[in-house]
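Shown next, in structure tokens, is the structure this report addresses.
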Amino acid sequence: MKYGNKKVLELLLRSGADPNLANKKSETPLHLIAKGIYMEDDIVKIFFMTIDDIQQRLLIDALDGRSQTPLFWAVTYWNKKAVELLLKRGASPNLGDADGFAPLHILCCSNWDLVENFLKMNAEIGQTVNINIQTTAGNTPLHLAVSLGNEKVVELLLRQGADPNLANNDGDTALHLICKRYGDNDLMKILFEVCDQLKKKVQVDVRDQLGNTPLHWALFHGQKKEVEFLLKRGANPNACNSELVTPLHRIALRGMDDNLAEVFFAILVDLQLTVDIDAQDVFNNTPLHLALEHKHKQMSETLLRRGADPCVADEDGSTALHIICKGDDVNGLAKMFIKVLQQVRPIVHVDTQDNEGNTPLH
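Under full-length UniProt numbering, the sequence shown has 263 at position 263, and the numbering climbs by one with no breaks.
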């Protein structure tokens, strides 16, 4: 086959040469055909005609050293002719390699028209493609398409029955991954619009392995548009993860001067939702504690003006004033703190003692 000798090829096959024998890489002739190495029309035609004529059994789903089938390689190189040929001869579209990657996973990393062609080819021969097939890491084709920001593929998969609520081994659904992406995109809009049309419910408060909801991640990454989408879809602004961290804790930790907190609060007011501004995590830290500890001045002021209680103590008994006094106050936290409290909360206990008996003055 390698040298294109058609007569010798036919002679060898008719003389009993095994078309299923593999080389040192565990590749059979079919693997090489799939990769496009032996794709001269006459050679491939003679190969299959002779196989059929002598009624030789062909291992159409033979595995190479990486547990990858000929179809896997044909899809990887998008050798369309080989893909069609293999599928018509019974190749399984759902076999995964050692990592569980099936042909559809590979295609979802490329153009939507390739995915569409592959699904169409299978439909024409009455073969079912598992649209929700998962890798060993639990990722579906939809997970991969979302991670790569492939909007057209995401829409196509959803319309073909992809489940938006399936989680991978980290507990991430498509919605989690959308919220973890940087940059502007319409993935969330597409997901909700298509699922609405198909009357398919999207779980907005689903939790990953650490208990984080999509809203936690959208806020952590400063995705304002996604935050608004989620809240309008019923996301819980007070949802806690496994460390009792709420979305507001996430904003406080982020602390960038990008008005994310104000956007968050404005949406809540518009939707008539309330947020527990003094929610405490497993260390009894409130969002205000975290904002002050990380010297996020604007965030700290926003929380105070929104009613955060400066007298709440963390697990060490430290109040907001203790935390300010422990730092070097490089950006005028203490000055801002006193000024804001004089306007919104005239009475503050300045002599509160922590667990060691220390006051802010100490």
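Think of the CB as a built atom: it goes at the ideal place given N, C-alpha and C, for glycine as much as any other residue.
Predicted model only: the values in this text are computed from it and were never measured.
(Q) For residue 119, which residues in the same chain have their Cβ closer than 7 Å to its Cβ, ignoring the five residues on either side in sequence? (A) 129 and 160
Q) If we count the other Cβ atoms within 10 Å of its Cβ and call it buried at 16 or more, is residue 64 buried or exposed? A) buried
Q) Which same chain residues, not among the five before or five after residue 185, have their C-beta less than 6 Å away from its C-beta? A) Around residue 185: 149.
Q: Can you have a look at residue 83 and say buried or exposed, based on whether 16 or more other CB atoms are within 10 angstroms of its CB?
A: buried
Q. From which residue to which residue does the alpha helix (DSSP H) around residue 122 run?
A. 112–124
Q | Cutoff 8 Å; reference residue 215; Cβ partners in own chain excluding five residues on either side | A | 179, 204, 205, 227, 230, 231, 235, 236, 237, 239 and 247
Q: Mind reading off the beta-carbon distance from residue 115 to residue 156? Whole number of angstroms is fine, and I expect it under 8 Å.
A: The C-beta separation of residue 115 from residue 156 comes to about 6 Å, placing the pair in contact by the 8 Å criterion.
Q.
Once DSSP output is grouped into helix, strand and coil, what is the label at residue 220?
A. helix
Q: Using the Cα positions of residue 218 and residue 44, report the straight-line distance between them to the nearest angstrom.
A: 52 Å
Q: Please classify residue 226: does DSSP put it in a helix, a strand, or coil?
A: helix
Q. If you check the beta carbons only, do residue 280 and residue 304 fall under 8 Å apart?
A. no
Q: Can you say whether residue 293 is buried or exposed, counting buried as having 16 or more other CB atoms within 10 angstroms of its CB?
A: With 16 or more Cβ atoms within 10 Å of its Cβ, residue 293 is classed as buried.
Q: Only counting runs of 4 or more residues, tell me where the alpha helix (DSSP H) segments fall wholly within the UniProt repeat "ANK" (1–24), in order along the chain.
A: The UniProt repeat "ANK" (1–24) contains these whole alpha helix (DSSP H) runs: 6–14.
(Q) Since residue 301 and residue 263 should fall inside the 8 Å C-beta cutoff, what is the C-beta to C-beta distance between them, to a whole number of angstroms? (A) That belief does not hold up - the Cβ atoms of residue 301 and residue 263 are roughly 16 Å apart, past 8 Å.
Q. Taking the Cβ atom as the reference point for each residue, do residue 102 and residue 73 lie within a distance shorter than 8 Å?
A. no
Q) Which residues in the same chain as residue 9 place their Cβ atom closer than 8 Å to its Cβ, once the five residues preceding and following it in sequence are excluded? A) Once the five neighbours on either side are set aside, the close Cβ partners of residue 9 are 1, 43, 46, 47 and 50.
(Q) Between which two residues does the alpha helix (DSSP H) holding residue 270 run? (A) 260–270
Q. Ends of the alpha helix (DSSP H) at residue 157?
A. 151–159
(Q) Using 8 Å as the threshold, is the C-beta distance between residue 164 and residue 200 below it? (A) yes
Q.
Checking 8 Å against the spacing of the C-beta atoms, do residue 71 and residue 19 come in under that value?
A. In this structure, residue 71 sits away from residue 19, with a CB-CB distance that is not shorter than 8 Å.
(Q) Please classify residue 170 as buried or exposed, where buried requires at least 16 neighbouring CB atoms within 10 angstroms. (A) exposed
**Q.** Buried or exposed (CB count within 10 angstroms, at least 16 for buried), residue 172
**A.** buried
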